[in-house]
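Visitor: Have a look at this one before I ask anything.
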Amino acid sequence: MFSRNFAQGVALVSLGEGVPRIFRQGIALAQADNADQPSRTLVVVQLAGGNDGLNTVVPYSNGTYYTLRKQIAIAQDQVLRLDDTFGLHPGMKGLKALWDAGQVAIVNGVGYPNPNYSHFRAMEIWQGANPDGPLGEGWVGKFLDTLDAQHNTLSALAVDSALPREFGSHVAPAPTVQRIEDYRLKPGTDSPAVNARRDTAALQLYELYPGEAKYGALLQGTVEDAFSSARTLAQVVTGYQPQATYPTTPIASGLKMVAAVIAANTGLRVAHVQLGGFDTHSRQEPTHNKLLTDLSDAIAAFFQDLAAHNKADNTVVMTWSEFGRRAGDNASLGTDHGSAAPMFIVGGPNVVKGGLYGALPSLDNLDAGNLRYTTDFRSVYATLLDKWLNADADALLGQHWDRIGFLK
Amino acid sequence: MNGEVKTQRRLLDYETSRRRFLAGVAATGVGTALATMWRLPELGGSTAHAAMQPASQAPVSSMGMGSATRQQSADLSAQIAHLLRRTGFSATPQQIARYSALGIEGAVDAIMTWDSSKDPGLDYANSVGLDLSKFADAQRWWLLRMMYTDRPFQEKMTLFWHGVLTSAVYKVGTRYLNTMIAQNEFLRSNALGKMETLLKGISRDPAMMVWLDLQTSTKAHPNENFARELMELFSLGIGNYTETDVRESARAFTGYSLDKDRNFYFNAKNHDDGQKTFLGQTGNFSGDDIIDIIEQQRAAAEFICTKLWKFFASPNPDPQTIGALADTYQSSGHSIRAVMRQMLTMPQFYSDDAMNSLIKSPVEFVVGTVQMLGLRTNAANYPAYLQQMGQELFNPPNVAGWPGGVAWLSSSSFFGRMNFLNYVIYGKESGLDPVNLLGSYVGANPTTVLNQAATLLGKPLGDTSTRAIMQFLGDSSNGSPTVTDKNVRSMLYLVLASPENMLA
């Protein structure tokens with residue numbers, strides 16, 4: 001999902017700029033690099049369309065919630081109770097089990113000042129961590145730039161057909177993969193020897209192409225990384241056995257691929273998967289139910305698999321959405337674009353301090369029908385960049401944001 | 001400047017192969033057409049070469065040309081190829097020759113004119129036995145129209161509108177593919193018409209109404225989705241309206257309804273006919289009134305002209321160019337045809353900033369490949385490849401359409417493009433015949449064969465790509481470069497896989 005305003009995108013990886021990436025061969029080198037200190041991975045899960053926070057983390061003991069949502073409120077006896085105040089949407093049984101194991105932190109009321117109600121502008125704001133200006137590099141992209149010295153073509157991975165904009169950086173794009181079996185050059189009908197030469201020449205077309213030509217550096221970087229990451233990924237996946245039964249949904253398949261790369265210990269730092277369809281303007285249930293169920297079941301399988309590979313404590317998942325939805329429901333059994341919403345942080349039992357953080361915005365004191373945020377999203381980013389990824393969060397985000405205590 | 005030298009070298013390479021076509025052109029007695037090449041100096045800086053001296057208006061009398069004329073004809077061919085690629089999906093050598101003979105203005109007029117009573121692309125699409133109630137078949141149907149049309153500009157404009165006035169099957173529902181097809185036909189018929197016609201029509205379009213929840217919008221509870229996206233993404237752009245304008249205009253669009261078969265009707269009982277204040281005006285506005293008020297704004301002119309420029313010309317719209325186009329938009333009563341005619345004939349369209357400045361979208365890549373290779377196909381499996389490349393027809397990722405530009409470049413989409421080439425070049429069903437394309441290549445000079453293959457691109461293959469492919473021809477022949485039955489398809493694959501071919 002993207003913003004349509006690409007003036008920044010072009011200036012970013014502009015014609016003739018950028019450094020071609022160093023070609024790194026194969027899995028062994030990456031594993032050797034990573035042997036001493038198995039890396040920590042942040043998995044960014046984007047809920048595209050604007051997730052309805054109030055029906056996800058339900059304030060079931062608050063009467064105003066039921067007044068505001070006469071049509072689509074989740075009944076008290078339906079929620080999966082987290083405590084006396086909040087309960088999860090009934091579809092989220094998998095996540096509830098992780099909550100019971102202390103592996104889920106929920107930050108309530110996350111947003112930013114002067115919220116934007118456009119999908120695209122709001123997404124840009126979350127992706128660039130800059131509500132006041134255009135989207136330049138993505139916040140993850142800025143972090144990935146700091147890794148370049150110890151270059152590894154699988155330090156980042158997006159399961160998608162196009163690069164998520166939080167990964168946008170001044171260097172060539174991170175690998176994006178949809179289906180592993182399609183992530184390679186398929187052979188033609190000429191002999192294997194000719195085919196091998198052909199594939200070598202295909203790479204050479206891009207390696208030799210002048211970097212100062214239009215889109216030269218970008219084309220070069222994209223293709224070089226494609227070849228390199230395809231080689232590594234093929235090796236990773238060959239050696240991998242999932243230790244959980246993943247649902248057959250795309251998000252579960254995406255997390256399964258991420259698990260394979262994490263299990264191979266090749267230094268994956270940030271991954272991205274997304275789940276779309278949250279823009280529930282009408283007939284919110286059963287759509288929202290299916291989305292939250294799929295999300296929850298996928299994350300549950302993911303952590304079950306990681307635990308079996310001894311990687312749960314190396315992994316933290318963060319969910320985000322470009323906005324929440326209006327406090328009240330509309331006449332179409334849905335909700336319109338809103339503002340603040342909760343974020344989930346899910347991780348291994350020894351990394352996450354499970355519990356509720358932040359504060360639910362008041363349902364009685366709304367801002368033209370919308371929730372007033374209580375925690376800035378950049379505090380969540382700062383906490384993860386600093387305490388999980390060991391990066392200079394204040395430098396990357398341009399200022400200090402208070403840390404939240406959801407990591408041990 | 002280094003870039004300049006490189007460009008120069010490439011144009012000379014291009015010229016070598018061009019010369020053969022121009023000789024062919026002259027031989028068939030189209031000599032007078034060469035006179036139109038003298039128009040070239042009007043068009044301003046189009047290459048990195050020093051500007052050619054404007055010549056006298058004396059017509060060229062023979063093919064005994066000096067180097068100035070050869071260069072100008074090469075420049076014109078490059079510009080025509082650029083024009084063809086941007087207004088369509090490819091520029092074949094035959095088309096370049098044909099349209100070069102008309103000069104820029106003549107070519108633009110020819111491209112923008114067609115006989116509406118015939119539609120060979122539609123005939124072909126309807127002849128291969130597709131079931132338009134199936135998603136993949138519907139996509140193939142439109143792809144085939146694009147591939148075999150006699151007026152690619154109409155299809156290209158339709159593709160543009162599909163990415164602006166978006167609707168997607170993932171919400172509209174595969175059961176109602178007929179409404180997506182109907183929307184497609186509506187966009188096609190009105191592609192070069194007046195903006196109001198497009199907007200008013202799309203506000204009543206059943207697929208659009210479902211897509212943006214307009215059919216559930218009532219007087220008691222107006223649904224804002226359509227009103228917001230109408231302004232943000234279809235007509236004005238962020239910053240040119242307020243949240244209040246969104247809420248007020250949503251009231252004006254109430255009452256738009258769909259019957260059980262998803263046909264449009266207006267339900268007056270559900271319509272809020274009270275006073276609304278919108279963009280500074282007050283009245284009991286209808287949805288059509290809202291659109292009229294939107295179109296009165298200068299911002300509306302600049303918005304759509306910017307979108308058109310970024311899709312057809314270059315990623316860098318400059319205020320003066322957009323201003324000129326917006327002036328035409330306003331003075332012509334918001335005619336897309338008028339704007340496009342101006343755009344395609346202005347010097348900026350042929351500037352260095354514009355040439356080879358756009359990354360081909362997946363659809364352009366796929367349709368262009370078929371056209372460049374002269375394939376006869378029913379497009380089976382093409383939608384799956386397009387999905388991997390990141391562009392599913394009738395299914396944009398969200399209401400903003402496809403971001404385009406550098407977003408088309410990802411490792412996943414790169415493999416999608418390569419594997420599509422693999423599928424059509426080595427597969428048997430598309431009827432690719434290397435001898436047809438290249439002439440008899442066995443025993444021929446490999447440079448000549450590669451040059452011939454390169455002409456399929458409609459633009460020069462650069463030094464580095466030529467070198468890489470010659471290297472392949474040598475390596476795959478275990479000795480000096482040779483083109484044989486055992487490597488000719490792979491050679492074609494490499495030509496089409498080149499970075500040059502990724503740019504429009």
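Chain order of the listed sequences is G and X.
The first sequence: position 166 = 166 (the working numbering), numbered continuously.
The second sequence: position 323 = 323 (the working numbering), numbered continuously.
Glycine included, each C-beta is placed from N, C-alpha and C at the ideal position.
If you're wondering where the values come from, they're calculated on a predicted model, not measured in any experiment.
(1) Taking 8 Å as the limit between beta carbons, can you name the residues of its chain near Y176(X), skipping five residues before and five after?
(2) Counting only beta-carbon separations shorter than 8 Å, does A340(G) have a partner in chain X?
(3) Drop a sphere of 10 angstroms on the beta-carbon of Q281(X), count the other beta-carbons inside from all chains shown, and report buried for 16 or more, exposed for fewer.
(4) Cβ of G328(G) within 8 Å of Cβ of S282(G)?
(5) Quick check on the DSSP output: what are the complete alpha helix (DSSP H) runs of length 4 or more inside the segment 151-209 of chain X, in order along the chain?
(6) Taking three-plus beta-carbon pairs below 8 Å as touching, is the segment 332-351 of chain G in contact with the segment 265-278 of chain G?
(7) Report yes if the C-beta distance between T266(G) and V237(G) is below 8 Å; otherwise report no.
(8) Under the assumption that G138(G) contacts F167(G) (Cβ atoms under 8 Å), give the Cβ distance between them as a whole number of angstroms.
(9) Could you name each continuous beta strand (DSSP E) segment of 3 residues or more that falls completely within the segment 210-298 of chain X, going from the start of the chain to the end?
(10) Going straight from the alpha carbon of D327(X) to that of N190(X), what length do you get?
(11) What do you reckon, are the CB atoms on T484(X) and S477(X) nearer than 8 Å?
(12) Can you list, in chain order, the residues of its chain with a C-beta nearer than 8 Å to that of P349(G)? Leave out the 5 residues immediately preceding and following it.
(13) Check whether the Cβ of A201(G) lies closer than 8 Å to any Cβ atom in chain B.
(14) Using a Cβ-Cβ cut-off of less than 8 Å, list which residues of the segment 169-183 of chain G approach chain X; keep chain order.
(15) Going along chain G, which residues have a C-beta under 7 Å from A338(X)?
(16) Comparing C-alpha positions only, which one of G390(X), S257(X), R251(X) sits nearest to Y590(X)?
(17) For L255(G) versus F86(G), is the C-beta distance shorter than 8 Å?
(18) With distances taken between CB atoms, is the gap from S413(X) to Y183(G) smaller than 8 Å?
(19) Quick one, are the C-beta atoms of L373(X) and V424(X) less than 8 Å apart?
(20) Within 8 Å of any Cβ in chain G, is that where the Cβ of Y329(X) sits?
(21) Since K93(G) contacts L80(G) with CB under 8 Å, what's their CB separation in whole angstroms?
(22) Would a check of beta-carbon distances place H272(G) closer than 8 Å to chain X?
(23) Tell me which same chain residues have a C-beta within less than 7 Å of the C-beta of G474(X), skipping the five on either side of it?
(24) If we cut at 8 Å on Cβ distances, does S161(G) have a partner in chain X?
(25) In angstroms, rounded to a whole number, what distance separates the CA positions of T411(G) and V449(X)?
(26) Assuming L205(G) and A454(X) make a contact with CB atoms under 8 Å, what is their CB distance in whole Å?
(27) I'd like to know whether the C-beta of Q139(X) is nearer than 8 Å to at least one C-beta of chain G.
(28) Taking all protein chains shown into account, decide if Q275(X) is buried (16 or more other Cβ within 10 angstroms of its Cβ) or exposed.
(29) Alpha carbon to alpha carbon, how far is A300(X) from R151(X)?
(30) Identify whether P342(G) lies in helix, strand or coil by the three-state DSSP scheme.
(31) Counting C-beta neighbours from all protein chains within 10 Å, is the total for A156(G) 16 or more, i.e. buried, or is it exposed?
(32) Under 8 Å, Cβ to Cβ, is there at least one residue of chain X near G188(G)?
(33) From the beta carbon of L147(G), is the nearest beta carbon of chain X less than 8 Å away?
(34) Could you spell out where the beta strand (DSSP E) holding G133(G) opens and where it closes?
(35) Under 7 Å Cβ-Cβ, which residues of chain X neighbour H89(G)?
(36) If you pair each beta-carbon of the segment 224-243 of chain X with each one of the segment 289-303 of chain X, do three or more pairs fall below 8 Å?
Guide: Reading it off the structure:
(1) In chain order, P206, A207, V210, R262 place their CB closer than 8 Å to the CB of Y176(X), counting only its own chain and leaving out the 5 sequence neighbours on each side.
(2) No, because no Cβ of chain X sits closer than 8 Å to the Cβ of A340(G).
(3) It is exposed - the Cβ of Q281(X) has fewer than 16 other Cβ atoms within 10 Å.
(4) Not closer than 8 Å, so no.
(5) As summarised for the segment 151-209 of chain X, the continuous alpha helix (DSSP H) elements at least 4 residues long and confined to that stretch are 152-162, 169-172, 177-190, 195-203, given in chain order.
(6) With the cut-off at 8 Å, the segment 332-351 of chain G and the segment 265-278 of chain G do not touch.
(7) In this structure, T266(G) sits away from V237(G), with a CB-CB distance that is not shorter than 8 Å.
(8) Beta-carbon to beta-carbon, G138(G) and F167(G) are separated by about 5 Å, close enough to satisfy the 8 Å threshold.
(9) Fully enclosed beta strand (DSSP E) runs of 3 or longer: 256-258, 264-266, 276-278, 281-283.
(10) Distance between the alpha carbons of D327(X) and N190(X): 21 Å.
(11) Going by beta carbons, T484(X) and S477(X) fall inside the 8 Å limit.
(12) If we look at P349(G) and ignore the five residues flanking it on each side, its Cβ neighbours are A101, G102, Q103, A312, D313.
(13) Absent from the structure: chain B. Protein chains present are G and X.
(14) Of all residues in the segment 169-183 of chain G, P173, P175, T176, V177, Q178, R179, D182, Y183 have a Cβ within less than 8 Å of some Cβ in chain X.
(15) Contact annotation for A338(X) against chain G: no contact, minimum CB-CB distance about 25 Å [criterion: below 7 Å].
(16) Here chain X comprises residues numbered 1 to 504, so residue 590(X) is not present and cannot be evaluated.
(17) Contact flag unset, no.
(18) Inclusion of S413(X) and Y183(G) in the CB contact set at 8 Å is not warranted, their separation being larger than that value.
(19) Yes; because the gap between Cβ atoms is below 8 Å, this pair is in contact.
(20) With a threshold of 8 Å between beta carbons, Y329(X) makes no contact with chain G.
(21) The C-beta separation of K93(G) from L80(G) comes to about 7 Å, placing the pair in contact by the 8 Å criterion.
(22) For H272(G), the answer is no, since every Cβ of chain X falls outside 8 Å of its Cβ.
(23) Hits under 7 Å: S480, P481.
(24) Yes, S161(G) counts as interfacial toward chain X.
(25) A question about residue 411(G) goes unanswered here, because the residues of chain G that appear run from 1 up to 408.
(26) Their Cβ separation, rounded to whole angstroms, is 13 Å, which puts L205(G) and A454(X) out of contact at 8 Å.
(27) Using a Cβ-Cβ cut-off of 8 Å, Q139(X) does not count as an interface residue toward chain G, since no Cβ of chain G sits closer than that to its own.
(28) Per the 10 Å Cβ criterion, exposed.
(29) Each residue's alpha carbon lies about 28 Å from the other.
(30) In this structure, P342(G) counts as strand in the three-state DSSP scheme.
(31) Counting Cβ neighbours within 10 Å, A156(G) comes out buried, since at least 16 surround it.
(32) Answer yes: the Cβ-Cβ gap between G188(G) and chain X drops below 8 Å somewhere.
(33) For L147(G), no CB of chain X lies under 8 Å from its own CB, so it is not counted at the interface with that chain.
(34) Element bounds for G133(G): n/a, residue is neither H nor E.
(35) Those do not exist, as H89(G) stays about 21 Å from chain X at its closest Cβ, beyond 7 Å.
(36) The segment 224-243 of chain X, when compared against the segment 289-303 of chain X, does touch it at the 8 Å Cβ threshold.
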